[in-house]
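Peer 1:
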Amino acid sequence: MAKTIKRTLPDDSFESALRQQGYNTAAGVDEVGRGTLAGPVVAGAVILPSVLPEEGLELIRDSKQLTPDQRDRAAVYIEQHAIGYACGAADAAEIDKFGIVAATRIAMGRAIDLLEPVPDHLLIDALELPGISLPQTSMIKGDARCRSIAAASIIAKVTRDRLMATVWDTRFPGYGFAAHKGYGTATHLEALRERGPVFGHRLTFAPVREAVAIYGTPIGTG
Amino acid sequence: MSPDSDGRDGSRNSGPADGGRGVVDRRGEEIAAERLSTRGYRVIDRNYRTREGEVDLIAWDGPVLTFIDVKARRGRAYGLPEVSITATKSERLIKVAYTYMQAMETPPEDWRIDVVAIEFGVGGTVRRFEIIEGVIEG
Numbered sequence: 001m002a003k004t005i006k007r008t009l010p011d012d013s014f015e016s017a018l019r020q021q022g023y024n025t026a027a028g029v030d031e032v033g034r035g036t037l038a039g040p041v042v043a044g045a046v047i048l049p050s051v052l053p054e055e056g057l058e059l060i061r062d063s064k065q066l067t068p069d070q071r072d073r074a075a076v077y078i079e080q081h082a083i084g085y086a087c088g089a090a091d092a093a094e095i096d097k098f099g100i101v102a103a104t105r106i107a108m109g110r111a112i113d114l115l116e117p118v119p120d121h122l123l124i125d126a127l128e129l130p131g132i133s134l135p136q137t138s139m140i141k142g143d144a145r146c147r148s149i150a151a152a153s154i155i156a157k158v159t160r161d162r163l164m165a166t167v168w169d170t171r172f173p174g175y176g177f178a179a180h181k182g183y184g185t186a187t188h189l190e191a192l193r194e195r196g197p198v199f200g201h202r203l204t205f206a207p208v209r210e211a212v213a214i215y216g217t218p219i220g221t222g
Numbered sequence: 001m002s003p004d005s006d007g008r009d010g011s012r013n014s015g016p017a018d019g020g021r022g023v024v025d026r027r028g029e030e031i032a033a034e035r036l037s038t039r040g041y042r043v044i045d046r047n048y049r050t051r052e053g054e055v056d057l058i059a060w061d062g063p064v065l066t067f068i069d070v071k072a073r074r075g076r077a078y079g080l081p082e083v084s085i086t087a088t089k090s091e092r093l094i095k096v097a098y099t100y101m102q103a104m105e106t107p108p109e110d111w112r113i114d115v116v117a118i119e120f121g122v123g124g125t126v127r128r129f130e131i132i133e134g135v136i137e138g
């Protein structure tokens, strides 16, 4: 599949450069779940120490390059060794109302708010966060280049996948959320047609709108 | 809002007659579509425009829906094209991509944004053609 991409491990060159400028608690920030038909967009924020154990460090990379099992092990590594980590989410209603980019910013802001200690700098994948008054650096392909952003992407991915596989799958049996996590698979689209939308489907997506036209708007149960 | 650094404001490549779309841009898109097809991409849309902005090409790369920003330049490119994507530009591309997916009958399981960098040499030859995959990932 990889055609022209050069894949290298993300390193801590951004974090090191920031330490030299006196920023010792820079946080990596990334999101997951932007392209799904259902469920929240989840952001992770992670502050890593300057020294990390070698064993397991190779797992801290772009979460898409890892198997689910590797991601789980990477998450344990981050939980054990990070100075701080947190996740935040924005739900389907917020995504429908404010748009995907604004909702992603909301999720990122929530993750940063929950982070202990308070970060002194933000390293963010792709986006800028104009609403947050911390110094920040945005970069393209952040999860492949910057270790803290890679760690944030892993924490976000593992958290979102677990949420969909547990809470969502239990609450809405028969939709296959444990398997597809809200993405537009054939199984998911079929369930949508046969069972109708649930509270938490993104109503701005065409297949969801069509299901709403037949079954009506799903109502939240809190 | 600060202007984009990708020349798409039309100031470098085009006159006003074609709505800000320059000859270099259009030729770049044609060449990109052609070469991406050869490499197995299936192009399904071109110049998709919304209120938020525009994406040059939309294609399936296997099961992955790919939104492609073509950066065509005459003469030397200015640094790495992936670096020249500003946060403002990536925000706009994400919004356009999301709007497109919302309208799809069958939304993709996976999507990403690629950049194609084309550098034209003397006489319109293609001096450089590069696909940078997954500049932004879904």
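Line by line, the protein sequences give chains X and P. Positions 1 to 222 (my numbering) are the ones given, in order, by the first sequence. Positions 1 to 138 (my numbering) are the ones given, in order, by the second sequence. Where is the CB? At the ideal position from N, CA and C, for every residue including glycine.
Residues of chain X with CB closer than 7 Å to the CB of threonine 125 of chain P, please, in chain order.
Peer 2: Under the 7 Å cutoff, chain X gives no residues; its nearest Cβ is about 20 Å from threonine 125 of chain P.
Peer 1: Could you check how far apart the C-beta atoms of glycine 99 of chain X and isoleucine 47 of chain X are, in whole angstroms? I think they sit under 8 Å.
Peer 2: Glycine 99 of chain X to isoleucine 47 of chain X, Cβ: 29 Å. No contact.
Peer 1: Between which two residues does the alpha helix (DSSP H) carrying glycine 28 of chain P extend?
Peer 2: Here the alpha helix (DSSP H) through glycine 28 of chain P covers 23-38.
Peer 1: Suppose contacts are defined by Cβ-Cβ distances below 9 Å. Is aspartate 12 of chain X in contact with isoleucine 124 of chain X by that definition?
Peer 2: Not in contact: aspartate 12 of chain X and isoleucine 124 of chain X (Cβ atoms no closer than 9 Å).
Peer 1: Is serine 63 of chain X buried or exposed, if buried means 16 or more other CB atoms sit within 10 Å of its CB?
Peer 2: Buried is the call here.
Peer 1: If you draw a straight line from the alpha carbon of aspartate 114 of chain P to that of alanine 97 of chain P, how long is it in whole angstroms?
Peer 2: For aspartate 114 of chain P and alanine 97 of chain P, the distance between alpha carbons rounds to 12 Å.
Peer 1: Assuming threonine 36 of chain X contacts glycine 176 of chain X (C-beta within less than 8 Å), just tell me the rounded distance between them.
Peer 2: That pair is no contact at about 13 Å.
Peer 1: May I ask you to list the residues that DSSP assigns as paired with lysine 71 of chain P?
Peer 2: Paired residue(s): P:Ala117.
Peer 1: Quick check on the burial criterion: 16 or more other C-beta atoms within 10 angstroms. Buried or exposed for glycine 62 of chain P?
Peer 2: Per the 10 Å Cβ criterion, exposed.
Peer 1: Between the stretch 28-41 of chain X and chain P, which residues of the former have CB atoms less than 7 Å from a CB of the latter, in chain order?
Peer 2: Those residues of the stretch 28-41 of chain X that come within reach of chain P (Cβ to Cβ, closer than 7 Å) are Arg34, Gly35 and Leu37.
Peer 1: Write down every uninterrupted run of the alpha helix (DSSP H) in the stretch 52-128 of chain X whose length is 4 residues or greater and which is fully enclosed by it, in chain order.
Peer 2: Fully enclosed alpha helix (DSSP H) runs of 4 or longer: 68-81, 92-98 and 100-114.
Peer 1: Less than 8 Å between the CB of isoleucine 68 of chain P and some heavy atom of the ligand MG, yes or no?
Peer 2: The model on display carries no ligand, and the ligand MG is accordingly not part of it.
Peer 1: Taking 9 Å as the CB-CB limit, is tryptophan 60 of chain P close to chain X?
Peer 2: Closer than 9 Å: no.
Peer 1: Return helix, strand or coil for tyrosine 175 of chain X, following the three-state DSSP convention.
Peer 2: In the structure shown, tyrosine 175 of chain X sits in coil (DSSP, three-state: anything other than H, G, I, E or B).
Peer 1: Comparing the C-beta of glycine 95 of chain P with each C-beta of chain X, is any distance below 9 Å?
Peer 2: Reading the sequence as shown, one finds lysine at residue 95 of chain P and not glycine. Lysine 95 of chain P counts as touching chain X.
Peer 1: Just reading off the alpha helix (DSSP H) that phenylalanine 226 of chain X is part of, what are its end residues?
Peer 2: No information on residue 226 of chain X is available, as it lies outside the stretch 1 to 222 that chain X covers here.
Peer 1: Along the chain, where does the beta strand (DSSP E) that runs through methionine 139 of chain X open and close?
Peer 2: Where methionine 139 of chain X is concerned, the enclosing beta strand (DSSP E) stretches over 136-139.
Peer 1: Does glutamate 210 of chain X come out as helix, strand or coil in the three-state DSSP assignment?
Peer 2: Glutamate 210 of chain X falls in the helix class under three-state DSSP.
Peer 1: Quick check on this structure: which residue in P:Phe67, P:Val24, P:Ile118 and P:Arg27 has the alpha carbon closest to the alpha carbon of phenylalanine 129 of chain P?
Peer 2: That would be P:Ile118, whose Cα lies nearest to the Cα of phenylalanine 129 of chain P.
Peer 1: Kindly list the residues whose CB is nearer than 8 Å to the CB of alanine 82 of chain X, restricted to its own chain and excluding five residues on each side of it in sequence; keep chain order.
Peer 2: Around alanine 82 of chain X: Val46, Ile47, Leu48, Pro49 and Ala151.
Peer 1: Of the residues X:Ala179, X:Ile106 and X:Ile78, which one's Cα is nearest the Cα of leucine 57 of chain X?
Peer 2: Of the listed residues, the one whose Cα sits closest to leucine 57 of chain X is X:Ile78.
Peer 1: Using a threshold of 9 Å, state whether the C-beta atoms of alanine 126 of chain X and methionine 139 of chain X are closer than that.
Peer 2: Cβ distance < 9 Å, so alanine 126 of chain X and methionine 139 of chain X count as in contact.
Peer 1: Find the residues of chain P that neighbour alanine 126 of chain X, judging by a C-beta separation of less than 8 Å, and give them in chain order.
Peer 2: Here the neighbours are Ala87, Ser90, Glu91, Ile94 and Ile136.
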